[in-house]
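Numbering (numbering that gives the first Met the number 0), first residue to last: 0 to 362.
A short worksheet on the structure shown next.
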Amino acid sequence: MYFGYSDDERILGDAISELFRRHAPISEVRKVIDTPVVSAELHNAIGEQGLLGVLAHNGSVYENVLMANAVLEQAGRALLPFPLVEGIIAAYFLSKDEAKASLYEQTVAGDQLVTIAWHAHDATRLEKTDGNWLANGSFYAAPFAASADKIMAFFQGPEPETKTLVILDRNDPAVSVIAEKCMDLSMPLDRVEVVNLTVTDDDILIGVGKGEELWQEAMQLGALFTAAELSGLSDEALKNTVEYTKIRKQFGQEIGKFQALKHMAAEMFVLAESTRVAVIYAAWALEAGTEPEAVSIAKAYASDAANEITGQAIQMHGGIGYTWESDLHLYFKRARRSSSAFGDAYAHREKLLDAITRSSKGG
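Have a look at this one:
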């Protein structure tokens with residue numbers, strides 16, 4: 000059985016690569032460091048291609064997971080300064096709720112920017128007061144929340160062991176977005192404060208108290224898609240490094256001819272290719288509805304590999320690799336950020352071990 004990209008998926012990947020090169024070159028990535036907002040030009044280009052609607056479902060079966068992976072791999076290569084993982088997952092969730100058809104269409108078309116606030120600082124609450132739903136909570140790790148029109152957030156409630164996915168309007172006075180310091184300045188992660196927000200049925204996705212299953216699904220999709228980004232990022236960092244060794248000279252010859260650097264590049268290539276294989280297989284498995292643990296294998300491997308490859312790339316560049324002028328620190332920081340998102344390598348290995356243990360016990 001063939002587990003790689005189909006011809007259509009490869010063609011899509013090439014087209015998206017060109018799209019990102021045109022609308023999000025590395026110079027635009029650097030601009031976000033000084034001005035942390037989503038480029039309207041980039042958002043419109045993504046909307047024109049309908050990229051946020053790439054992931055679909057047929058009942059409980061995923062469709063186009065490999066296609067989504069092909070898109071996100073190119074996003075990783077470009078260090079895309081856009082909440083693409085969040086946008087695709089948000090659009091997918093909206094597609095599951097018929098009442099949100101209008102917002103889904105606006106999101107996919109690029110008329111509305113939707114992101115997701117992934118984590119809460121303290122306990123969040125959705126509870127009924129005087130006949131109205133009131134939401135309170137403090138969230139962090141919301142990519143480009145300051146640029147978003149809508150922010151999705153998971154609130155605890157109404158019952159103690161349940162969650163509800165709420166769509167927040169960033170312009171609502173009860174919703175505040177605060178910029179936070181983070182390592183990867185090209186992908187700002189904002190804090191979102193919600194104080195006594197009145198929530199209507201239109202603001203709730205799927206239904207009250209039905210967010211736990213969506214949360215688990217979001218974590219799995221986020222881990223896979225971030226692994227795909229790490230795969231593209233790792234390959235691009237390696238490619239740029241190899242090209243540098245062909246032009247940088249020491250002792251009268253290109254440093255790429257030195258055996259020590261050849262060995263380093265070969266080991267990095269094995270890591271990058273192995274990452275790509277693991278990620279593609281995990282996408283195939285998820286779409287086929289089999290081996291859910293493949294996502295954890297891919298995310299754990301991709302996280303470690305990306306950190307190793309970007310670190311070694313800096314070493315192979317020598318002193319210039321440590322400077323602000325070099326683009327390598329952008330790849331290194333994105334790798335560090337993405338490797339810890341949706342569970343780092345340790346968390347996913349522990350998750351895999353738990354699955355193996357349960358399987359061995361027949362549970």
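Just so you know, even glycine gets a beta-carbon here, dropped at the ideal spot from N, CA and C.
It should be emphasised that the depicted structure is a prediction, and the values quoted were computed from it without experimental measurement.
Whole-number beta carbon distance between Leu237 and Met267, since they are thought to touch under 8 Å = With a contact defined as Cβ atoms closer than 8 Å, Met267 and Leu237 qualify at about 5 Å.
key: Inter-residue Cα distance where the pair is Ser325 and Asn239   = So the two alpha carbons sit approximately 11 Å from each other.
ask   = Touch check for the segment 184-204 and the segment 27-37: three-plus C-beta pairs under 8 Å?
value = Touching, yes, given that three or more Cβ pairs across the two stretches are closer than 8 Å.
key: The alpha helix (DSSP H) enclosing Val269, as first and last residue numbers   = Following the DSSP letters along the chain, one finds Val269 inside the alpha helix (DSSP H) bounded by residues 258-287.
task = Report all residues from its chain with a CB closer than 7 Å to the CB of Leu18; omit the five preceding and five following residues, and keep chain order.
result = Result list for Leu18: Ala44, Gln48, in chain order.
task = May I ask which residues mark the beginning and end of the beta strand (DSSP E) holding Tyr139?
result = The continuous beta strand (DSSP E) containing Tyr139 extends over residues 131-142.
query = Ile308 and Ala217: beta carbons closer than 9 Å?
reply = Taking C-beta atoms as the reference points, Ile308 and Ala217 fail to come closer than 9 Å.
query = Comparing the CB of Val193 with every heavy atom of the ligand FAD, is any distance shorter than 8 Å?
reply = Because no ligand of any kind appears in the structure shown, any question about the ligand FAD cannot be addressed here.
request  = Taking Glu324 as part of the beta strand (DSSP E), name the residues at either end of that continuous run.
outcome  = Element bounds for Glu324: n/a, residue is neither H nor E.
ask   = What does a CB cutoff of less than 6 Å around Asp96 pick up in its chain, not counting 5 residues either side in sequence?
value = The residues are Leu204, Ile205.
inquiry  = Judging by CA-CA distance, which residue of Trp323, Ala334, Asp303, Leu329 is the nearest neighbour of His347?
reply    = With distances taken between Cα atoms, His347 lies closest to Asp303.
task = Please state if the CB of His120 and the CB of Arg169 are separated by a distance shorter than 9 Å.
result = No, Cβ-Cβ distance for Arg169 and His120 is not below 9 Å.
query = According to the neighbour-count rule (16 or more other Cβ atoms, all chains shown, within 10 Å of its Cβ), is Leu54 buried or exposed?
reply = Buried, since its Cβ has 16 or more Cβ neighbours within 10 Å.
Residue span of the beta strand (DSSP E) that contains Leu167, given as start and end = DSSP places Leu167 inside the beta strand (DSSP E), whose first and last residues are 162-168.
ask   = If we count Cβ pairs, one from each stretch, closer than 8 Å, do we get three or more for the segment 283-302 versus the segment 54-66?
value = Contact between the segment 283-302 and the segment 54-66 is present, with at least three C-beta pairs closer than 8 Å.
ask   = Which same chain residues, not among the five before or five after Glu253, have their C-beta less than 6 Å away from its C-beta?
value = The beta carbon of Glu253 sits closer than 6 Å to the beta carbons of Lys245 from its chain, once the five residues preceding and following it are set aside; these are given in chain order.
Contacts around Asn131, its chain only, beta-carbon distance under 7 Å, and the 5 residues preceding and following it disregarded = So the list reads Thr197, once near-sequence residues are dropped.
message = In the DSSP assignment, the alpha helix (DSSP H) including Arg9 goes from what residue to what residue?
response = Annotation: the continuous alpha helix (DSSP H) that includes Arg9 extends over 6-22.
message = So, with DSSP's three-state summary, where would you put Glu72?
response = Collapsing the DSSP output to three states places Glu72 in a helix.
Runs of alpha helix (DSSP H) wholly within the segment 37-117 (minimum 4 residues, chain order) = Counting only runs that start and end inside the segment 37-117, the alpha helix (DSSP H) elements of at least 4 residues fall at 39-48, 64-77, 83-94, 100-108.
inquiry  = Using a Cβ distance threshold of 8 Å, determine whether the segment 313-332 contacts the segment 222-230, with at least three qualifying pairs required.
reply    = Cβ pair count under 8 Å is below three, so no.
ask   = So, is Trp117 buried or exposed, given that buried needs 16 or more other C-beta atoms within 10 angstroms?
value = So Trp117 ends up on the buried side.
request  = Could you pull out every residue in the same chain whose Cβ sits closer than 8 Å to the Cβ of Lys127, ignoring the five residues on either side in sequence?
outcome  = Beyond the five residues adjoining it in sequence on each side, Lys127 comes within less than 8 Å, by CB distance, of Leu133, Pro157 in the same chain, given in chain order.
key: Within 9 Å, strictly: CB atoms of Glu292 and Leu351   = The answer is yes: Cβ separation under 9 Å.
ask   = Helix, strand or coil: which one does DSSP assign to Ser358?
value = The answer is helix: DSSP assigns Ser358 an H, G or I state.
task = Would you kindly work out how many angstroms separate the C-alpha atoms of Ile177 and Ala145, rounded to a whole number?
result = Spanning the two alpha carbons is a distance of roughly 8 Å.
query = Roughly how many angstroms separate the alpha carbons of Gly75 and Ser59, rounded to a whole number?
reply = Looking at the two C-alpha atoms, the distance is approximately 28 Å.
query = How big is the Cα-Cα spacing for Leu102 and Arg29?
reply = Rounded to whole angstroms, Leu102 to Arg29 spans 31 Å at the Cα level.
Where the beta strand (DSSP E) containing Arg190 begins and where it ends = Looking at the DSSP string, the run of the beta strand (DSSP E) that includes Arg190 is 188-198.
ask   = Of all the options Gly208, Gln111, Tyr139, which has the alpha carbon lying nearest to the alpha carbon of Gln155?
value = It is Gly208.
query = If you count every other CB in all the chains shown that lies within 10 Å of the CB of Ser295, and 16 or more means buried, which is it?
reply = The residue is buried, with at least 16 neighbouring Cβ atoms inside 10 Å.
ask   = Looking only at its own chain, which residues have a Cβ that is under 6 Å from the Cβ of Ala312, when we skip the five neighbours before and after it?
value = Closer than 6 Å at the Cβ level, and outside the excluded window around Ala312, lie Ala236, Thr240, Leu327.
query = Can you tell me whether Val193 is buried or exposed, with buried defined as 16 or more other CB within 10 angstroms of its CB?
reply = Around the Cβ of Val193, a 10 Å sphere holds 16 or more other Cβ atoms; the residue is buried.
key: Outcome for Ser26 when other beta-carbon atoms lying within 10 angstroms are tallied against a minimum of 16   = When all chains shown are included, Ser26 counts as exposed.
ask   = What are the start and end residues of the alpha helix (DSSP H) that includes Leu229?
value = Note, Leu229: alpha helix (DSSP H), 210-246.
message = Closest to Leu41 by C-alpha separation, out of His22, Val31, His56, would be which residue?
response = Comparing Cα positions, the closest option is His22.
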